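Engineer: Take the sequence shown: its position 98, counted from the start at 1, is 105 in my numbering, and no numbers get skipped.
All C-beta atoms in this analysis are idealised placements derived from N, C-alpha and C, irrespective of residue type, glycine included.
Values in this document were obtained by computation on a predicted structure and should not be read as measured data.
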Amino acid sequence: MKKVVKFGGSSLASARQFKKAGDIIRGDRARRYVVPSAPGKRNDKDEKVTDLLYQCYDAASSGASYKKILDKIRKRYEEIIDGLDLNLNLDAEFNRIEENFLHKAGRDYAASRGEYLNGILMAAYLGYTFVDAAEVIFFDAGGVFDSEATNRELGERLEHIERAVIPGFYGSMPDGSIKTFSRGGSDVTGSIVARAIHADMYENWTDVSGFLVADPRIVKDPEVIETITYRELRELAYMGASVLHEDAIFPVRKEGIPINIRNTNKPEEKGTLIVESTCRKPRYTITGIAGKKGFCSINIEKAMMNSEVGFGRKVLQVFENYGISFEHMPSGIDTMTIFVHQSEFEEYEQSVIAGIHRAVEPDFVEMESDLALIAVVGRGMKATRGTAGRIFSALAHARVNVKMIDQGSSELNIIIGVKNADFEPAIKAIYDIFVTSEL
Ligand code: ASP
8 MKKVVKFGGS SLASARQFKK AGDIIRGDRA RRYVVPSAPG KRNDKDEKVT DLLYQCYDAA
68 SSGASYKKIL DKIRKRYEEI IDGLDLNLNL DAEFNRIEEN FLHKAGRDYA ASRGEYLNGI
128 LMAAYLGYTF VDAAEVIFFD AGGVFDSEAT NRELGERLEH IERAVIPGFY GSMPDGSIKT
188 FSRGGSDVTG SIVARAIHAD MYENWTDVSG FLVADPRIVK DPEVIETITY RELRELAYMG
248 ASVLHEDAIF PVRKEGIPIN IRNTNKPEEK GTLIVESTCR KPRYTITGIA GKKGFCSINI
308 EKAMMNSEVG FGRKVLQVFE NYGISFEHMP SGIDTMTIFV HQSEFEEYEQ SVIAGIHRAV
368 EPDFVEMESD LALIAVVGRG MKATRGTAGR IFSALAHARV NVKMIDQGSS ELNIIIGVKN
428 ADFEPAIKAI YDIFVTSEL
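#1: Could you name each continuous beta strand (DSSP E) segment of 3 residues or more that falls completely within the region 51 to 96, going from the start of the chain to the end?
#2: Compare the C-alpha of ILE360 against each of SER400, ARG241, ASP254 and LEU323 and name the closest.
#3: With a Cβ-Cβ cutoff of 7 Å, do SER447 and ASN267 count as a contact?
#4: Could you work out which residue in LEU109, ASN94 and TYR61 is closest to ALA117 when comparing CA atoms only?
#5: With burial defined as no fewer than 16 other Cβ atoms inside 10 Å of the residue's Cβ, what is the status of SER358: buried or exposed?
#6: Name the one or two DSSP bridge partners that THR342 has.
#7: Got a sec: does ligand 1 put a non-hydrogen atom nearer than 6 Å to the Cβ of ARG114?
#8: Determine the direct distance from the alpha carbon of LEU91 to that of GLY183, and round the result to whole angstroms.
#9: Hey, would you say VAL172 sits closer than 7 Å to TYR123, going by beta carbons?
#10: Can you tell me whether ASN190 sits near ligand 1, meaning its C-beta is under 6 Å from at least one heavy atom of the ligand?
#11: Specify the secondary structure class of ARG38 as computed by DSSP and reduced to three states.
#12: Name the two residues that bound the continuous beta strand (DSSP E) containing LYS186.
#13: Is the beta carbon of GLY121 sitting closer than 7 Å to the one on ALA45?
#14: Which class does ASN267 belong to by DSSP, given the choice of helix, strand or coil?
#15: VAL231 and LEU243: beta carbons closer than 7 Å?
#16: Out of curiosity, what's the CA-to-CA distance linking VAL103 and ALA436?
#17: Hey, how far is the Cα of ILE440 from the Cα of GLY317?
#18: Roughly how many angstroms separate the alpha carbons of GLU210 and ALA112, rounded to a whole number?
#19: Could you tell me which uninterrupted beta strand (DSSP E) segments, each at least 3 residues in length, are contained entirely in the region 137 to 223, listed from first to last along the chain?
#20: Could one say the Cβ of THR394 lies closer than 7 Å to chain C's Cβ atoms, at least one of them?
#21: Considering only DSSP beta bridges, list what CYS303 is partnered with.
#22: Can you list, in chain order, the residues of its chain with a C-beta nearer than 6 Å to that of ALA148? Leave out the 5 residues immediately preceding and following it.
#23: Determine the extent of the beta strand (DSSP E) in which GLY424 is found, giving its start and end residues.
#24: Can you tell me whether GLY396 is buried or exposed, with buried defined as 16 or more other CB within 10 angstroms of its CB?
#25: Would DSSP call LEU378 helix, strand or coil?
#26: Between the Cα of ARG49 and the Cα atoms of LEU93, PRO274 and ARG83, which residue gives the shortest distance?
#27: When we look at the beta-carbon of ARG224 and count the other beta-carbons within 10 Å, is it buried (16 or more) or exposed?
#28: Assuming THR196 and GLY175 make a contact with CB atoms under 8 Å, what is their CB distance in whole Å?
Have a look at this one:
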């Protein structure tokens, strides 16, 4: 059995957190490959080392004073080293980093040093081999992650190493320079390593107990999702539910490796298991609810629209011309509605409306702003009658007016459009009818 364990920034923010991670790793012999993030926040007011590194680099490379910030970063590591009683000195590393900053080694290089140093520290603490991600994770000349070259190299390298620490978040370009994934990218590294070593499990240790059925800022103490499929996760993540970096799914999915989201501060909890498919019945009819505010709709009306071939294409072409993607497009016999992100649309609003007039000569175009979309997601909905009925009666009871309904053909989700102001009451009502009342 082989497991890859990734620890997030808050799980490694202090010596105390490091000890928890160490206990978790030593608690299971299968936890052979460790991917650390940079030290994160120790409390709400604290700063992430990654953010400090960006600040420090910006100052150093523009000739401003940077020594204080660099010192702050150094202290973060020294505190951990002292707290763990490690015989490790990072002076030479810090000297090299400072020199490279002054020689403008790049922002990606700067940010990556958070994970690099934490990797050295973690390897020393565990007695594992340190493998620099720059030697095994590759980006092509265009800066796109090169999955196949990486998979080959990483697989070969780790085949001969029983236990290793591979820092998250970065890799290297063909010219040897450092390139990072987008923020939160250590999740992606963990997934890449899991694929390369054919892991049985990718454990992602963080500071929450897994994916929650609904946003805890809206629903008080929501239940944890026990098992979720990759497809369900995509739907929820797209609608704003975030625990895992979006790109972390693809590498493990190729190999059918499950991801287990776990809480470093509550290791006794099972967390959320993310799988390709499962026979496990979801605990509730729905798996999760997520949503986003800030949409607007463009309603187009034209008599006999239904018989006008190419009408939809011509309308969508106008949006495409302005680089605006649409979210949903419910239609009636003589009406068509397009949902778009308000922030993307505002700038081009008048041009798009004029474009639609020119393209299809509608009878009427009307817009509505400040709308929210809510996705109710669940593989259990397919086999259950009355799900839509329950959602809409719950919304009616909560006095929420439904503006739009869209059920995906997979029957995996139902999307509901409401006014921004109804967003929170709608989510609460849906949660209550499926979870609270099924408990
Ligand atoms: N340290 C990086 C960040 O703060 C990457 C990560 O933690 O996954 O975004």
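Structural biologist: Quick answer:
#1: none
#2: Locating residue 360 in the sequence shown gives position 353, counting from the first residue. Minimum Cα distance to ILE360 is reached at LEU323.
#3: Nothing can be reported for residue 447, as the shown portion of the chain is limited to 8 through 446.
#4: Position 110 of the sequence shown, counted from the first residue, corresponds to residue 117. When only C-alpha atoms are compared, the closest one is TYR61.
#5: Taking the sequence shown and counting its residues from 1, the one referred to as residue 358 is at position 351. By the neighbour-count rule (16 or more Cβ atoms within 10 Å), SER358 is not buried but exposed.
#6: In the sequence shown, the residue the question calls residue 342 occupies position 335. Note: THR342 sits in a beta bridge opposite GLU308.
#7: Position 107 of the sequence shown, counted from the first residue, corresponds to residue 114. No.
#8: Position 176 of the sequence shown holds residue 183. Position 84 of the sequence shown holds residue 91. Rounded to the nearest angstrom, the two C-alpha atoms are 33 Å apart.
#9: Position 165 of the sequence shown holds residue 172. Position 116 of the sequence shown holds residue 123. Not closer than 7 Å, so no.
#10: Along the sequence shown, read from residue 1 onward, the residue named residue 190 stands at position 183. Position check: residue 190 holds Arg in this sequence, whereas Asn was assumed. Answer for ARG190: yes, Cβ within range of ligand 1.
#11: By 1-based counting over the sequence shown, the position of residue 38 is 31. DSSP places ARG38 in strand when its eight states are reduced to three.
#12: Taking the sequence shown and counting its residues from 1, one reaches residue 186 at position 179. Here the beta strand (DSSP E) through LYS186 covers 185 to 187.
#13: By 1-based counting over the sequence shown, the position of residue 121 is 114. By 1-based counting over the sequence shown, the position of residue 45 is 38. Closer than 7 Å, so yes.
#14: Within the sequence shown, the letter at position 260 stands for residue 267. Correct three-state label for ASN267: strand.
#15: As a first step, residue 231 is located in the sequence shown; it is residue number 224 there, counting from the start. As a first step, residue 243 is located in the sequence shown; it is residue number 236 there, counting from the start. Not closer than 7 Å, so no.
#16: Mapped onto the sequence shown, residue 103 falls at position 96. Mapped onto the sequence shown, residue 436 falls at position 429. Here residue 103 turns out to be Arg, not Val, going by the sequence shown. Whole-angstrom Cα-Cα distance: 56 Å.
#17: What you label residue 440 is simply residue 433 of the sequence shown in a count that begins at 1. What you label residue 317 is simply residue 310 of the sequence shown in a count that begins at 1. Approximately 42 Å between the Cα atoms of the pair.
#18: By one-based count along the sequence shown, residue 210 stands at place 203. By one-based count along the sequence shown, residue 112 stands at place 105. Looking at the two C-alpha atoms, the distance is approximately 33 Å.
#19: 177 to 179, 185 to 187 and 208 to 213
#20: Absent from the structure is chain C; it holds one protein chain and no more.
#21: Taking the first residue of the sequence shown as 1, we reach residue 303 at position 296. Partner(s): VAL347.
#22: Taking the sequence shown and counting its residues from 1, the one referred to as residue 148 is at position 141. Result list for ALA148: PRO181, in chain order.
#23: The residue labelled residue 424 in the question sits at position 417 within the sequence shown. Residues 420 to 426.
#24: Walking along the sequence shown from the start, residue 396 turns up at place 389. The residue in question, GLY396, is exposed, as its Cβ has fewer than 16 Cβ neighbours within 10 Å.
#25: Here residue 378 refers to the residue found at position 371 of the sequence shown. DSSP places LEU378 in strand when its eight states are reduced to three.
#26: Working through the sequence shown from its first residue, we reach residue 49 at position 42. For ARG49, the nearest C-alpha among the options comes from ARG83.
#27: By 1-based counting over the sequence shown, the position of residue 224 is 217. The residue is exposed, with fewer than 16 neighbouring Cβ atoms inside 10 Å.
#28: As a working note, residue 196 is residue 189 in the sequence shown. As a working note, residue 175 is residue 168 in the sequence shown. Right, the Cβ-Cβ distance comes to about 4 Å (below 8 Å), so this counts as a contact.
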